[in-house]
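Enquirer: Residue numbers (our numbering): 2 to 332.
Beta carbons: idealized from backbone N, C-alpha and C, even for Gly.
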């Protein structure tokens, strides 16, 4: 009886999505890590994602994704159910080379300028959270890493239009600062522009990206980056960012540069990156990150990560390192 009831329920649930596709994917991680406090801890993490896609009669394609890891916030439950608040969901509609995406997505700068975590991966993202890496998805300086973009500085809902043509992708994005309200000394919308090109130059697979973001009364940020894939599984990349910040928010402009290398062959993937931030008289930070993974087959990976950070801010000098080791399960 239970089997019959389950089968009937499944048929009813899928009857309305015969022309669409719904997939469920997930990742689980287990191991140990040290986040810089010199105390080794257990590490466990689980992420579940629903992806839905479909196609209209006129050729329009559409879809949506919900990340339950972000949607399930114990301090603010049910965020994805609120139309004025992003809670880990995004949706898109596309026709030809044009795509409009809204929700939990990248701004134009982050979408078009490639980052330098080129190979491998770690449980605790040690290779991207050190103080020399620019993760380009927020303006922050903390133990979770450093970011030089304005993504997430507003209400978290981003609308981005992309157009792809012959290897080029052009992007325009907007994010409201405070649900459409005009905020004194800031403005009301973060605007972003970006362009990238990907293609083969001789035997090199090259991606070059340029991104720009502005919040009219707060900051302007420009990033240029390039990555290249060579024969034998080797890759390399360079990035440069300049942030012009209004004096009332930050006394100095900020510059960042970074370099990255990667190697992938058979089951092995190793990535290494280094970067520096210069904030003038306020000081500087730098760091490097290492990530290595070994594919055990069937969706199971062994992962190792290490990050080193060094800083001299307002006369305070210190350094610390982080590491993690364990297994990732891809479902």
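Give the straight-line distance between the Cα atoms of residue 177 and residue 159, rounded to the nearest whole angstrom.
Expert: Distance between the alpha carbons of residue 177 and residue 159: 8 angstroms.
Enquirer: Tell me the rounded alpha-carbon separation between residue 327 and residue 269.
Expert: Rounded to the nearest angstrom, the two C-alpha atoms are 15 angstroms apart.
Enquirer: Are there 16 or more other CB atoms within 10 angstroms of the CB of residue 282, so buried, or fewer, so exposed?
Expert: exposed
Enquirer: Can you check which of these residues, 106, 173, 221 and 201, is closest to residue 167 by C-alpha distance?
Expert: 201
Enquirer: Excluding the 5 residues flanking residue 9 on each side, which residues of the same chain have their C-beta closer than 6 angstroms to its C-beta?
Expert: Its pLDDT being 36, under 50, residue 9 is placed unreliably in this model, and the value from its coordinates should be taken loosely. Within the same chain, residue 9 has no close Cβ partners at all.
Enquirer: Could you name the residues of the same chain whose beta carbon sits closer than 8 angstroms to that of residue 63, not counting the 5 residues immediately before and after it, in chain order?
Expert: 54, 55, 56, 57, 92, 93, 94 and 95
Enquirer: I think residue 110 touches residue 238, with their Cβ atoms under 8 angstroms apart; what is that distance to the nearest whole Å?
Expert: With 8 angstroms as the limit, residue 110 and residue 238 do not qualify as a contact, their Cβ atoms being about 16 angstroms apart.
Enquirer: Which of helix, strand or coil does DSSP assign to residue 168?
Expert: coil
Enquirer: Looking at the structure shown, is residue 326 part of a helix, part of a strand, or coil, going by DSSP?
Expert: Three-state DSSP puts residue 326 in a strand.
Enquirer: Identify every run of the alpha helix (DSSP H) within the segment 228–304, keeping only runs that are complete inside it and at least 4 residues long; order them along the chain.
Expert: none
Enquirer: Between the C-alpha atoms of residue 329 and residue 130, what's the straight-line distance to the nearest angstrom?
Expert: 19 angstroms
Enquirer: Going by CA-CA distance only, name the one from 116, 26, 99 and 220 that's closest to residue 272.
Expert: For residue 272, the nearest C-alpha among the options comes from 116.
Enquirer: Once you ignore the five residues that flank residue 231 on each side, which residues in its own chain have a CB closer than 7 angstroms to its CB?
Expert: 205
Enquirer: Buried or exposed for residue 1, going by 16 or more other Cβ atoms inside 10 Å?
Expert: As displayed, the chain neither begins before 2 nor continues past 332, which places residue 1 out of reach and without an answer.
Enquirer: From residue 35 to residue 307, what does the alpha carbon distance come to, in whole angstroms?
Expert: Cα to Cα, residue 35 sits roughly 10 angstroms from residue 307.
Enquirer: In chain order, what residues of the same chain have a beta carbon less than 8 angstroms from the beta carbon of residue 33, not counting five sequence neighbours either side?
Expert: 41, 42, 43, 44, 325, 326 and 327
Enquirer: For residue 176, does the three-state DSSP call read helix, strand or coil?
Expert: Annotated three-state conformation of residue 176 is strand, per DSSP.
Enquirer: Would you report the Cα separation of residue 318 and residue 39, rounded to the nearest angstrom?
Expert: Approximately 18 angstroms between the Cα atoms of the pair.
Enquirer: Is residue 287 closer than 7 angstroms to residue 133 when the C-beta atoms are compared?
Expert: yes
Enquirer: So, residue 100 versus residue 163, is the Cβ gap smaller than 7 angstroms?
Expert: yes
Enquirer: Using only the alpha-carbon positions, how far apart do residue 277 and residue 67 sit?
Expert: Straight-line spacing of the CA atoms in residue 277 and residue 67 works out to 34 angstroms.
Enquirer: With burial defined as no fewer than 16 other Cβ atoms inside 10 Å of the residue's Cβ, what is the status of residue 267: buried or exposed?
Expert: exposed
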